[in-house]
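Residue numbers 187 to 338, in this note's numbering, belong to the letters of the sequence shown in order. Working notes for the structure below.
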Amino acid sequence: MPECPEAPCFVHTPGTPEFWLKEPPLDLQQVNPFSLSKGWPETALIFDAAGKVWSMVVPGASRYRKWYWLILSQFHNPLRRTGISWKPLRSYELSELLTVFRRQVSIDDDCLTQFYEPGEIYQMLDESRSFGDVLAVWHKIACGPEERAMPL
Numbered sequence: 187m188p189e190c191p192e193a194p195c196f197v198h199t200p201g202t203p204e205f206w207l208k209e210p211p212l213d214l215q216q217v218n219p220f221s222l223s224k225g226w227p228e229t230a231l232i233f234d235a236a237g238k239v240w241s242m243v244v245p246g247a248s249r250y251r252k253w254y255w256l257i258l259s260q261f262h263n264p265l266r267r268t269g270i271s272w273k274p275l276r277s278y279e280l281s282e283l284l285t286v287f288r289r290q291v292s293i294d295d296d297c298l299t300q301f302y303e304p305g306e307i308y309q310m311l312d313e314s315r316s317f318g319d320v321l322a323v324w325h326k327i328a329c330g331p332e333e334r335a336m337p338l
C-alpha cells in the first residue's frame, strides 16, 4: 500500500490565503485546469495528524502547465475529481502548524473569522497542545459557537 498522510490533514498553499481541512478519502481530490496550470498540487503543503508534511501528486498535471491552459481556464474551468498520490516532504513541529493557522487568521476574509474574532481564535490556538486540539479549534470556528445568544 502506498504511503499517504494520516487523516484528517490541513492543506495550506504558502503565499496564499488557502488553508482548509482535508478529510478522507485521501486518494481523491477535486482539481481544475486553472489550479493545475498554476502548479497548485505540488505547491500545497499538507500537515497530517502524525506530524509529517506532504505534497500532493496529480498524475498528468504537468500537461496543464502551458500558457494556453492558463488562458483557456479563464473561460472553461471544469472541476473534476481525480486520483492523487502523496510525496512525504519532512516532519513538522506543532508550532509550525500553529504559525500557519495564525497567519491565515490574520489575512482571513471572514471565512475563519465569521463566528469568532481573531483574538478569540488566537487564544484558542495558544491553548492547543496537540494536532487534535488544533483540529478542535478548526471545528469550533467552522461551525460557530453553540451557546452564544443571538441579539433580538
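From the three backbone atoms N, C-alpha and C, an ideal C-beta is built for every residue, glycine too.
Query	Result
Three CB pairs or more closer than 8 Å across the segment 319-327 and the segment 274-291	yes
Host beta strand (DSSP E) of phenylalanine 220 (start-end)	Not the beta strand (DSSP E): phenylalanine 220 falls in the alpha helix (DSSP H), residues 219-223.
Inter-stretch contact at 8 Å, needing at least 3 Cβ pairs: the segment 239-248 / the segment 270-283	yes
Three or more C-beta pairs below 8 Å linking the segment 212-232 and the segment 250-259	yes
Per-residue DSSP class, three states only, for cysteine 190	coil
Which of helix, strand or coil DSSP assigns to valine 244	coil
Under 9 Å between C-beta atoms of glutamate 393 and valine 197	Examination of residue 393 is not possible in this model, given that the chain is present from 187 through 338 alone.
DSSP-derived helix/strand/coil call for isoleucine 327	helix
From Ala236, Asp234, Ser223 and Asp296, residue whose alpha carbon lies closest to that of valine 263	Strictly speaking, residue 263 in this sequence is asparagine, with valine absent from that position. Among Ala236, Asp234, Ser223 and Asp296, the Cα nearest to that of asparagine 263 is on Ser223.
Nearest neighbour of lysine 208, chosen from Leu265, Gly201, Thr202 and Ser241 [CA to CA]	Ser241
Integer-rounded CB distance, given that leucine 214 should sit under 8 Å from proline 191	The Cβ separation is near 13 Å, so there is no contact.
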